[in-house]
Every structure is written in C-alpha cells, then in structure tokens.
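Residue numbers (our numbering), protein chains in the order written: chain F, 33 to 91; chain L, 3 to 310.
Cβ atoms here follow ideal geometry from the backbone N, Cα and C, with glycine treated the same way.
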C-alpha cells in the first residue's frame, strides 16, 4: 500500500511524469506482449513455419 | 413498419431520459417494471426476428441439398484452426506441383516471384525460379517488345496470352486463373482436393461431349479438365512420395496460400487480439464495479414532513 501511495505521489500526480510513465509503460508493454504472442504462435506451429524449414535451403 | 417502430419506441425502449443522471431502475435489465404492451411488443419482435433467421438458415440448407453435385468431404488441413499456420513445406511442394502440372493450362497472375521469398523459397532460389522463365517486356528504344529472363518483381507468366487463346486451345473451356480460386469456390481447399482426386467413369445416363470428363464434385458433373494428378505425376525435391492424394493435398495448400498470403499473419493477430481483449475485459469489469459501487451501496431515506 505504501509503495502504491509513494508511486502515486511521485509519478502520477504530476502531468510530466505521468505522461512519461505512460509512454515508457506503453513501450515496454508492447515489446513484451508482442514477443509473448509470437512465442505462443511459434510454439503452437512448430515445424510448419518457414523459419523451421529454411535451414534446408540456405547454404 | 413505422407504426411498429413507434409502438416499440413508445414502449420506452429508446426513451431519452434527458439530462437527469441515469437511475438504477432505468439501467436495470430486469423486466419486472415493464408494462403489458412493452412485453407483448418485445416478445413479438424476438419471435419474428428469430423465425426469420431460422427460415433463412433452412432455405440455405435446402438449396445445398437440391444441387446435383457431390459435397466435398472435409479434410484435416494442418492450417485449420484459430491459431494454426500454413505448413510451409507443403506450400513449397504445392508450388512444385503447380510448376510441373497446373502451369500448362492455368495462370497464376496475381502471384509474383518476390512473394515466394521467405515463404517457400530463399531469395536466391526465388531469383533462380524467376530467371528460369522468359518475360515479355518493352518497348525498348526502337519500340520493339522483347523477351528477357524474369526478375523477382515479375508476376508468374500465364500459359496463354489472353482468354480467347486459352479457350481456343482447350476445346472452348477457359481454365480459370488460380490466384484466388480457393477463396472463390464453395468448399475452398476441400473442394479443390475433392475435384482433383474425384474423377470417375460417368454413370449411366450422363452424356458427355467430346473432350469432357465426369467429376461428381464439379457442378453439372461434366468438366473439360481431364484428370491430371496420378501417382508420380510430379516430382518433389524434398523426397516426399508423390502419390496422387499427396500432390492434391500440397497443391490445395499452396492455392490456399495464393488466395490468402496473409493467413499466418491473421492467425498471429488472433492470438494478439484475444490477449488484448482479455486484458481490456478485466479493466472494463473493474471499472464497472468501481462506478456502480456508489449506486449499489447508497440508501435513500424518505422522511415525511408533518403538517403541523
């Protein structure tokens, strides 16, 4: 609770730091969400994708 | 119609409550406070729209049953499913089948050699595929058209210069372009697979004209294309045994990719949107509880004022 309160006081109360926090949060959320989705997709389709078969054709 | 709409609106479905903040009783979805008229009109609306939907569904089903062609059985495609990508090894084999068999009559005019890069072929392989064919280009400085080896940016060359030439060479029948054929035919790749493997002797009573063949999956049964996929009709570079059904399966998968090159992208987008909407649903649920907490926990006290 106190951590939340101090975060609220030091970051979210001020417009400049609030928007900085939103921008940084967006960046890190997007990166991790994208990587997680792609990892799920590739593990579900293991062996079928181009990345899984291209080693046979590249020299 | 207008009267019905008026009655339904009169039943306070769309009533504007003005600037007064929404009261709990107005936002409630319970039917306890409804008038008799409102109940009658809304249940009539529900029954009618449900009945019309059921009728349309039944008509659609009966139309399917009235045709003379056989319905293609569903095959267990490896790209069937919300999250399943195309099998790229199969797409590559399907391209080989197209190149060795289908290309003799069918064009694939919306697929360029560059589309193959990082889907079925490496860049070097795709360049070599393109260089194997001659592309008509021009005019040059003297105004003449000339032939040159293909480049990555070229589209796959068509076997005939135009539709009339294609008809003249095929007994009057036009071999359709295959770029969008899987999306354009009812049944999709199931239909293509069933058609390619479904050739049979014409049953008694079916009269075929010169150059026609019988295929129960083709509307009408008489198809101008002969059976082309036999065992070993094409050769695979990866050593897969080229049975007729393997060839048909691979070329159907390849044609699904031609129709929907973005299929893998959409499957990935399904995963992403499900994750995103789950997060947003959690936020929306919390926000609803948050906003309603005051409404649900408040008490209204009525205090009569005595006259004296």
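- For residue 139(L), there is no enclosing alpha helix (DSSP H); the residue is part of the beta strand (DSSP E) that begins and ends at 136 to 139.
- Inclusion of residue 185(L) and residue 70(L) in the CB contact set at 7 Å is not warranted, their separation being larger than that value.
- At a cut-off of 7 Å, the C-beta of residue 40(F) has no neighbouring C-beta in chain L.
- For residue 89(F) against residue 127(L), the beta-carbon gap comes to about 6 Å, under 8 Å, which counts as contact.
- The Cβ atoms of residue 265(L) and residue 250(L) do not sit closer than 7 Å to each other.
- Against chain F, the beta carbon of residue 252(L) has no neighbour under 9 Å; the closest one sits roughly 13 Å away.
- In this model, residue 307(L) and residue 36(L) are separated by some 31 Å (Cα to Cα).
- For a Cβ distance threshold of 8 Å, nothing in chain F lies close to residue 129(L): the least Cβ distance comes to about 13 Å.
- A distance of 7 Å or more separates the beta carbons of residue 219(L) and residue 190(L).
- Annotation: the region 265 to 302 of chain L contains the following complete segments of the alpha helix (DSSP H) (minimum length 4 residues), in chain order: 265 to 299.
- Under the three-state reduction of DSSP, residue 224(L) is assigned to strand.
- Under the Cβ distance rule, residue 62(F) does not count among the residues neighbouring chain L, no pair being separated by less than 7 Å.
- When only Cα atoms are considered, residue 213(L) and residue 182(L) end up about 26 Å apart.
- If you compare the alpha carbons of 180(L), 170(L), 234(L) and 60(L) with that of residue 158(L), the shortest gap goes to 180(L).
- Less than 7 Å divides the Cβ of residue 192(L) from the Cβ of residue 74(L).
- Listed in chain order, the positions of the region 218 to 247 of chain L with a beta carbon within less than 8 Å of a beta carbon of chain F are 240.
- Residue 91(F) and residue 122(L) have their C-alpha atoms spaced approximately 15 Å apart.
- Per the C-alpha coordinates, the member of 66(L), 274(L) and 131(L) positioned closest to residue 97(L) is 131(L).
- One thing to note: residue 176(L) has its Cβ within 7 Å of the Cβ of residue 169(L).
- One Cα belongs to residue 290(L), the other to residue 57(L), and the distance between them is close to 38 Å.
- Within the same chain, and ignoring the five residues on either side of residue 160(L) in sequence, the residues whose Cβ sits closer than 7 Å to its Cβ are 109 and 111.
- Remark: C-beta atoms of residue 82(F) and residue 120(L) approach each other more closely than 7 Å.
- Judged by their CB atoms, residue 244(L) and residue 238(L) are nearer to each other than the 7 Å cut-off.
- Taking residue 146(L) as the centre and dropping the five residues before and after it, the same chain places the C-beta of 140 closer than 7 Å to its C-beta, in chain order.
- For chain F, the residues of the region 268 to 294 of chain L that bring a beta carbon within less than 8 Å of one of its beta carbons are 269, 270, 273, 274, 277 and 278, in chain order.
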